[in-house]
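In the order they appear, the protein sequences are chains A and B.
Add 4 to the 1-based position in the first sequence for this note's numbering, that's all there is to it.
Add 593 to the 1-based position in the second sequence for this note's numbering, that's all there is to it.
The C-beta atom is built at its ideal place from N, Cα and C for all residues, glycine as well.
Please read the structure below before turning to the comments.
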Amino acid sequence: MKKIILNSILILLSLMFIYPIFWMLLLSFKQNPEAFNSFKDLLVSPLSFINYSETFSSDSFGLYFINSFVIASFVTIGNILFCTTVAYAFARRKFKISKILFATVLGVLLIPGHVVMIPIYRLMVELGWLNTYFSLIIPWLVSPFGIFLVYQYIKSIPIDIEDAARVDGASDWYILFRIVMPLCKPILTVLSIFIFLSNWNSFLFPFILTSSEQIRTLPVGLAFYLGKQSIDWGHLMAGASISATPVILLFILFQKQIINGLTSGALKD
Amino acid sequence: MKNKFKDNIFTYSLLAPWIITFIVFWLFPLLYSAYLSFNRYESLTGNTNFLGFENYTRMFQDPIFWKALTNTGLFAIIAVPASTILALFMAVLLNSKMDGYINSLLMMLGLPHPEKGWLLEPCTSLLSIIILDVWINAGYYMVLFIAGMQTIPAELYEYAQLTGANSWQKFRRITLPLLRPTMVFVLLINTIKSFQVFVEILVMTKGGPMKSTTTLVYLIFKNAFDHTDLMGYASAMAYVLFFILLILSILQSKVMKEKV
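Structure follows, in structure tokens:
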């Protein structure tokens, strides 16, 4: 009896969380959903793929999709490479300013991007980087969250392996890229998923730093869609469903790594 | 000697990406923002006039600033307990039977479907955004709570079972006290996040109706980008936000140290 009650509460809560997603999918599969008067009419009307086919074939949506993908991919690759090199230096090398420099990493980890949105915008104006990929890629190539994550992981790897390689005559670069980096693969997987998803979903900076449609990303594109005079819910929800697909897929595939990452410290958007 | 030099070159080339990123994209913006907050800056002409503390005194006399600060505080006061309690509740239920599949369902992310009527009423608009925020974030806090609960030794519950404690007593006497570090962490992260709420407001209400959803970050954004001469003023507001968040963050790191 107790089990039944517990399960029903859990199912009810799950439904509460899924409900908006269900709505999104339902609307995305209906032609002109705003034409229906009641929920029942909407529910029983035939499903259609027209919103998806039209969204996919519209030039701008494909462009937003590519922009989001290119930006998120470059930032992810940058983080895999640079977070490893920086974290390795903090974990294994002795140098004068290590304490101060590590404090800057922890400090930036705590500063939300909102605080610097105005000066970053001004800086991008001065650099001539507004409406270019540069403004959305270069500043984010190495994240304090990533440095901290990889740093903790390298600290947990026994140093003996590196020492043995050094005795065998391996160079510093060889040790870093051929020995340490492969050992970091599990944490770099977590890092990649997080960086990719946070850049895929990123809104604030792409919104401020781009005005041209050529460089617009998916979340910004969807927000502009919402701002139009009459909202075309069918197409909007098809677009939203498409942009949520990689997020849901990555989550299903890497549930364990994502939860590891979530619990390994403060996360920033 | 030569080896030491080579060593340093290696170390600093490893660190270079962070050093450059920090100086160019964090240190310089923070300093530049401080400079802007003491000036009137016109984005069209690029003219700057030194104002001293005028932006700050103006801010504290600006009713819209107080309205935004109140809205932000109100948001935090409602959203933080709501999402924390919901997350704790779900974590307790799920921790008693970690099945996995329900987790997946709860954690799924997606885009919300705004309800027009609620958002157009000043008395319900902020509440609507709070509900959306709780929906977005509760799953994350739940995962943190579950992680915290899994570190509690099972023997404690077994012992409590032997002494005849009921579920509520176990929760009250074992789970809750031992979950304290996670609880404080969740409360602080949650508060910090609440002070940054922005995207939902921009997309759903644009601060309205009647400024009922204008929060601090939204006001900063609006002043900086919708006016040609308020970037300095907005920078001053950004600094106030910075100090509020700094205090919360220092509190948080103190608590985290205590935990370790």
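Starting from A:F99 and walking both ways along the beta strand (DSSP E), at which residues does that stretch end? Taking the first sequence and counting its residues from 1, one reaches residue 99 of chain A at position 95. Note, A:F99: premise wrong, no beta strand (DSSP E); not H, not E.
Can you tell me which residues form a DSSP beta bridge with B:R633? As a position in the second sequence, residue 633 of chain B is number 40, starting the count at 1. B:R633 pairs with B:N642.
Would you tell me roughly how many angstroms separate the C-alpha atoms of A:T221 and A:G66, rounded to the nearest one? Along the first sequence, read from residue 1 onward, the residue named residue 221 of chain A stands at position 217. Along the first sequence, read from residue 1 onward, the residue named residue 66 of chain A stands at position 62. Straight-line measurement puts the Cα of A:G66 at about 10 Å from the Cα of A:T221.
At least one CB of chain B closer than 8 Å to the CB of A:V90: is that the case? In the first sequence, counting from the first residue as 1, residue 90 of chain A sits at position 86. Chain B, which has a Cβ nearer than 8 Å to the Cβ of A:V90, makes this yes.
Does A:H118 pass the burial test, meaning 16 or more other C-beta atoms within 10 Å, or should it be called exposed? In the first sequence, residue 118 of chain A corresponds to position 114, counting from 1. Around the beta carbon of A:H118, 16 or more other beta carbons lie within 10 angstroms, which makes this residue buried.
According to DSSP, is B:P746 part of a helix, a strand, or is it coil? Stepping through the second sequence from its first residue, residue 746 of chain B is reached at position 153. Coil.
Distance, A:C87 Cα to A:S151 Cα: Here residue 151 of chain A is taken as the residue at index 147 of the first sequence, counted from 1. Here residue 87 of chain A is taken as the residue at index 83 of the first sequence, counted from 1. Reading the sequence as shown, one finds Ile at residue 151 of chain A and not Ser. Between A:I151 and A:C87, the C-alpha separation is close to 5 Å.
Look at B:T775 and B:G732 and say whether their C-beta atoms are less than 8 Å apart. Within the second sequence, the letter at position 182 stands for residue 775 of chain B. Within the second sequence, the letter at position 139 stands for residue 732 of chain B. Not in contact: B:T775 and B:G732 (Cβ atoms no closer than 8 Å).
Can you name the residues of chain A whose CB is closer than 7 Å to the CB of B:S805? Residue mapping note: residue 805 of chain B aligns to position 212 of the second sequence, counting from 1. Within chain A, not a single residue places a beta-carbon under 7 Å from that of B:S805; the smallest gap is close to 19 Å.
Pairing CB atoms from the segment 774-791 of chain B with CB atoms from the segment 107-122 of chain A, are three or more of them under 8 Å? Pairwise C-beta distances place the segment 774-791 of chain B in contact with the segment 107-122 of chain A, as three or more of them are shorter than 8 Å.
So, helix, strand or coil for B:L844, using DSSP? Here residue 844 of chain B corresponds to residue number 251 of the second sequence, with the count starting at 1. Of the three classes helix, strand and coil, the one that applies to B:L844 here is helix, per DSSP.
Express the C-alpha separation of A:R97 and B:F603 in angstroms, rounding to a whole number. Here residue 603 of chain B is taken as the residue at index 10 of the second sequence, counted from 1. Here residue 97 of chain A is taken as the residue at index 93 of the first sequence, counted from 1. For B:F603 and A:R97, the distance between alpha carbons rounds to 9 Å.
Let's see if you can read the secondary structure: which residues bound the alpha helix (DSSP H) around B:A669? Here residue 669 of chain B corresponds to residue number 76 of the second sequence, with the count starting at 1. That run of the alpha helix (DSSP H) goes P656 to N688.
Considering only C-alpha positions, which residue in the set B:S606, B:V617, B:I813 and B:K599 is nearest to A:W144? To locate residue 144 of chain A, count along the first sequence from 1; it is residue 140. For A:W144, the nearest C-alpha among the options comes from B:V617.
For A:F181 and B:F598, I'd like the C-alpha separation in whole angstroms. Residue 181 of chain A sits at position 177 when you count from the first residue of the first sequence. Residue 598 of chain B sits at position 5 when you count from the first residue of the second sequence. Cα-Cα distance, rounded: 21 Å.
Going by beta carbon distance, what residues of the same chain come within less than 6 Å of A:G2, once the five residues before and after it are set aside? The question about residue 2 of chain A has no answer here: the residues shown for chain A are numbered 5 through 273.
Tell me the DSSP secondary structure of A:F258 in three-state form. Here the question's residue 258 of chain A lines up with position 254 in the first sequence. Coil at A:F258, not helix or strand.
Any chain A beta carbon closer than 8 Å to B:L704: Residue mapping note: residue 704 of chain B aligns to position 111 of the second sequence, counting from 1. In this prediction, B:L704 scores a pLDDT of 35, lower than 50, which makes its location untrustworthy; no coordinate-derived value is stated.
Measure from the C-beta of A:I151 to each C-beta in chain B and report whether the shortest distance is under 8 Å. Taking the first residue of the first sequence as 1, we reach residue 151 of chain A at position 147. Yes, A:I151 lies at the interface with chain B (some Cβ there is under 8 Å from its Cβ).
Could you name the residues of the same chain whose beta carbon sits closer than 8 Å to that of A:M185, not counting the 5 residues immediately before and after it, in chain order? For the purposes of this step, residue 185 of chain A is identified with residue 181 of the first sequence, where counting begins at 1. T88 and L192, listed in sequence order.
Kindly indicate which three-state DSSP category B:T768 falls into: helix, strand or coil? For the purposes of this step, residue 768 of chain B is taken as residue 175 along the second sequence, with counting starting at 1. Three-state DSSP puts B:T768 in a helix.
Should B:N759 go down as buried or exposed, given a rule of 16 or more other Cβ atoms within 10 Å for buried? Position 166 of the second sequence holds residue 759 of chain B. Label assigned to B:N759: exposed.
Which chain A residues are close to B:T641, counting only those with a beta carbon under 7 Å from its beta carbon? Here residue 641 of chain B corresponds to residue number 48 of the second sequence, with the count starting at 1. Chain A residues near B:T641: none, gap ~11 Å exceeds 7 Å.
Could you check whether the Cβ of A:I197 sits closer than 8 Å to any Cβ belonging to chain B? Taking the first residue of the first sequence as 1, we reach residue 197 of chain A at position 193. Answer no: the Cβ-Cβ gap between A:I197 and chain B never drops below 8 Å.
For my contact list, B:A683 and A:L31 are in at a C-beta cut-off of 8 Å; report their separation, rounded to the angstrom. Position 90 of the second sequence, counted from the first residue, corresponds to residue 683 of chain B. Position 27 of the first sequence, counted from the first residue, corresponds to residue 31 of chain A. According to the sequence displayed, residue 683 of chain B carries Met and not Ala. The Cβ separation is near 27 Å, so there is no contact.
Three-way DSSP call (helix, strand, coil) for A:Q156 in this model: Locating residue 156 of chain A in the first sequence gives position 152, where the first residue counts as 1. Reduced to three states, the DSSP call for A:Q156 is helix.
Three or more C-beta pairs closer than 8 Å, one from the segment 719-731 of chain B and one from the segment 789-800 of chain B: is that the case here? yes
Could you give the distance in angstroms between the alpha-carbon of A:F198 and the alpha-carbon of A:D167? The residue labelled residue 198 of chain A in the question sits at position 194 within the first sequence. The residue labelled residue 167 of chain A in the question sits at position 163 within the first sequence. Those two C-alpha atoms are separated by around 32 Å.
Report yes if the C-beta distance between B:L567 and B:L834 is below 8 Å; otherwise report no. Residue 567 of chain B is absent from the structure shown; chain B starts at 594 and stops at 853.
When burial is assigned at 16 or more other CB atoms within 10 Å of the CB, is A:R126 buried or exposed? The sequence position of residue 126 of chain A within the first sequence is 122, counting from 1. Result: buried.
Using 8 Å as the Cβ pair cut-off and three pairs as the minimum, do the segment 131-143 of chain A and the segment 210-225 of chain A touch? Contact between the segment 131-143 of chain A and the segment 210-225 of chain A is present, because at least three Cβ pairs lie under 8 Å.
Going by other Cβ atoms of all chains shown within 10 Å of its Cβ, with 16 needed for buried, is B:N632 buried or exposed? For the purposes of this step, residue 632 of chain B is taken as residue 39 along the second sequence, with counting starting at 1. With 16 or more other Cβ atoms within 10 Å, it is buried.
Inspect the CB distances between the segment 746-762 of chain B and the segment 819-837 of chain B and report whether three or more fall short of 8 Å. At 8 Å Cβ cutoff, the stretches do not touch.
Is the shortest distance between the beta-carbon of A:D167 and the beta-carbons of chain B less than 8 Å? For the purposes of this step, residue 167 of chain A is taken as the residue at position 163 of the first sequence. So, not an interface residue.
Please classify B:S606 as buried or exposed, where buried requires at least 16 neighbouring CB atoms within 10 angstroms. Indexing the second sequence from 1 puts residue 606 of chain B at position 13. The residue is exposed, with fewer than 16 neighbouring Cβ atoms inside 10 Å.
Is it the case that the Cβ atoms of B:L679 and B:V727 are separated by a distance below 8 Å? Here residue 679 of chain B is taken as the residue at index 86 of the second sequence, counted from 1. Here residue 727 of chain B is taken as the residue at index 134 of the second sequence, counted from 1. Yes, the pair counts as a contact, with Cβ atoms nearer than the cut-off.
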